[in-house]
Amino acid sequence: MRAASINVGLLGAGFMGSTHASAYARIDSARLVAVADANRDLAAKLAHEHHARTCDGIEALLDDPEVQAVDVCLPTFLHERCVVSAARHGKHILCEKPIALTIEEADRMIAATEQAGVIAMIGQVIRFWPEYVAMRELLQSGALGDVQAVKAARLSAPPAWGAWFKDPSLSGGALIDLHVHDLDFIYSLCGMPDRVFATGLQSATGAWDQVTSVLEYETVRAVAEGSFLLPDCYPFQMQFRLQGSKGTVEYRFRVAGQVGERDEAETELVLYRPGAAPEPVAAAKKDAYQAEIEFWVDCLLTHHQPAQATLRQARDVLGIAMAARRSLETGEIVALHRAAGDSDMKP
Ligand SMILES: NC(=O)c1ccc[n+]([C@@H]2O[C@H](COP(=O)([O-])OP(=O)(O)OC[C@H]3O[C@@H](n4cnc5c(N)ncnc54)[C@H](O)[C@@H]3O)[C@@H](O)[C@H]2O)c1
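The numbers in the numbering used here rise by one with no breaks, and the one at position 314 of the sequence shown is 315.
The structure is reproduced here in structure tokens:
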């Protein structure tokens, strides 16, 4: 039987915590009931705005019997600890991307959630971003023919709101934190690449904060660029071009400031076909974070694991990022091997 509404506890009241909280306020089938953050004032403020209560720490929120599901919006180095603990408490889980900083952490998260039988998903929001959804649908409709080439970019000033982003041991740098969005979307369209080559630059903290990765498939060539090294006045940009044998679709998003200002963005989504004029493509008018959370909540209400943005998929994508890191460190092309019947990369 379908439950009417899910009670959610939010871990983290920072940039993503408040973004998710605003999304819950627009979703009838979920109710934010509790918030925890090491910064208690921040947690109390967000909880007050959303008529939820403040919990004294992560464990207190996980112990709360009214909380049925937790939404992890904590810095990446805390994802494993929180997801494993939430699973042991029997809570369903949405955890922000990237899944974790290492394959070993991701494996422990997968083991804990599968053992507990909880419904779990990683917040790979681009899979739910209306224009990216429209591009995937165009491909699935056959309008583009076979994919031949992909070009993706995600260009940003360093996140100004969290000092932890600068430390690669806490965030993974732009390679793991930012680039993973495009690696995931390419993976969602094309699967695991055969080979990865990457070139880039490290910032003063040793983080790979400027990365260009080339993903080679049997018949597809994909290039993705991610950067946190742009000046703070540089507009946040996302670009994605999907070139097929019958047509090309291209998305451009540009906004002064950061992704938080996304409602103000200049955007363009256009289909180009031989012998035809450029055709603007319509996309749903829905906030991507709301769409992502609605999808997860629907999985909870209907008691099934998500078909996309799973922990295993996120682990594969982290594997691609790790291959890119190895290429950055060695200058070599890294081959990805898959055992027969095994969806996971063997790094
Ligand atoms: N999907 C997206 O578009 C997107 C965008 C930005 C960030 N993210 C991801 O979301 C996650 C959170 O990033 P953010 O930008 O919200 O960071 P943030 O720094 O704004 O917020 C993190 C919050 O966690 C709290 N915190 C830190 N240590 C804690 C602890 N031990 N216990 C309890 N609370 C603690 C901090 O006080 C802070 O309020 C990261 O994994 C990041 O990669 C995703």
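All C-beta atoms in this analysis are idealised placements derived from N, C-alpha and C, irrespective of residue type, glycine included. Computed from a predicted model, the values in this text were never measured in an experiment.
- At a Cβ-Cβ threshold of 7 angstroms, D185 and Q244 do not count as neighbours.
- Taking every protein chain shown into account, the CB of S170 has fewer than 16 other CB atoms within 10 angstroms, so this residue is exposed.
- Rounded to whole angstroms, the Cβ separation of H51 and A22 is 5 angstroms, and the two are in contact under 8 angstroms.
- The three-state secondary structure of T200, taken from DSSP, is strand.
- The Cβ atoms of C96 and V73 sit closer than 7 angstroms to each other.
- Its Cα nearest to that of G207, the residue F229 stands out among V71, R155, D317 and F229.
- Taking 6 angstroms as the cut-off, one finds no heavy atom of ligand 1 near enough to the beta carbon of E106.
- In this chain, the alpha helix (DSSP H) harbouring L171 covers P169 to S172.
- Between the alpha carbons of K167 and G227 lies a gap of roughly 15 angstroms.
- The C-alpha of V197 is placed about 43 angstroms away from the C-alpha of D29.
- Residue ranges of uninterrupted alpha helix (DSSP H) with 4 or more members, entirely inside the segment 257-308 and ordered along the chain, are 289-302.
- Ligand 1 has no heavy atom closer than 6 angstroms to the beta-carbon of E293.
- R242 carries a strand assignment under DSSP once its states are collapsed to helix, strand and coil.
- Within the segment 173-230, the complete alpha helix (DSSP H) segments of 4 residues or longer fall at 174-178 and 180-191, listed in chain order.
- DSSP, reduced to helix, strand and coil, places G18 within a helical segment of the structure shown.
- A direct Cα-Cα distance of roughly 31 angstroms separates S142 from I177.
- Exclusion of W209 from the 6 angstroms shell around ligand 1 follows from its C-beta lying no nearer than that to any non-hydrogen atom of the ligand.
- Counting along the chain, the unbroken beta strand (DSSP E) around A153 starts and ends at V148 to L156.
- Every alpha helix (DSSP H) of 4 residues or more that sits fully in the segment 70-98 is shown, in chain order, as 80-89.
- The C-beta separation of L270 from P279 comes to about 11 angstroms, leaving the pair out of contact by the 8 angstroms criterion.
- Note that the segment 293-313 touches the segment 30-45; at least 3 beta-carbon pairs, one per stretch, sit closer than 8 angstroms.
- Between V181 and A322, the C-beta spacing is below 7 angstroms.
- Relative to ligand 1, W130 has its C-beta separated by 6 angstroms or more from all heavy atoms.
- Using a Cβ distance threshold of 7 angstroms, S246 and G174 do not count as a contacting pair.
- Restricting attention to T220, V119 and C234, the CA atom closest to the CA of L156 is found in C234.
- With a cutoff of 7 angstroms on beta-carbon distance, A45 and A37 are scored as not near each other.
- Here DSSP, grouped into helix, strand and coil, assigns I7 to strand.
- Taking C-beta atoms under 8 angstroms as the contact rule, R109 and E132 fail to qualify, at a distance of about 35 angstroms.
- The shortest CA-to-CA distance from A289 to any of L12, G10 and M17 is the one to M17.
- Excluding five sequence positions before and after V148, the CB atoms of its chain that fall closer than 6 angstroms to its own CB belong to V221 and G245, given in chain order.
- Annotated as proximal: R242 and E251, with beta-carbon spacing under 7 angstroms.
- Ligand 1 approaches E97 closely enough that one of its heavy atoms is under 6 angstroms from the residue's Cβ.
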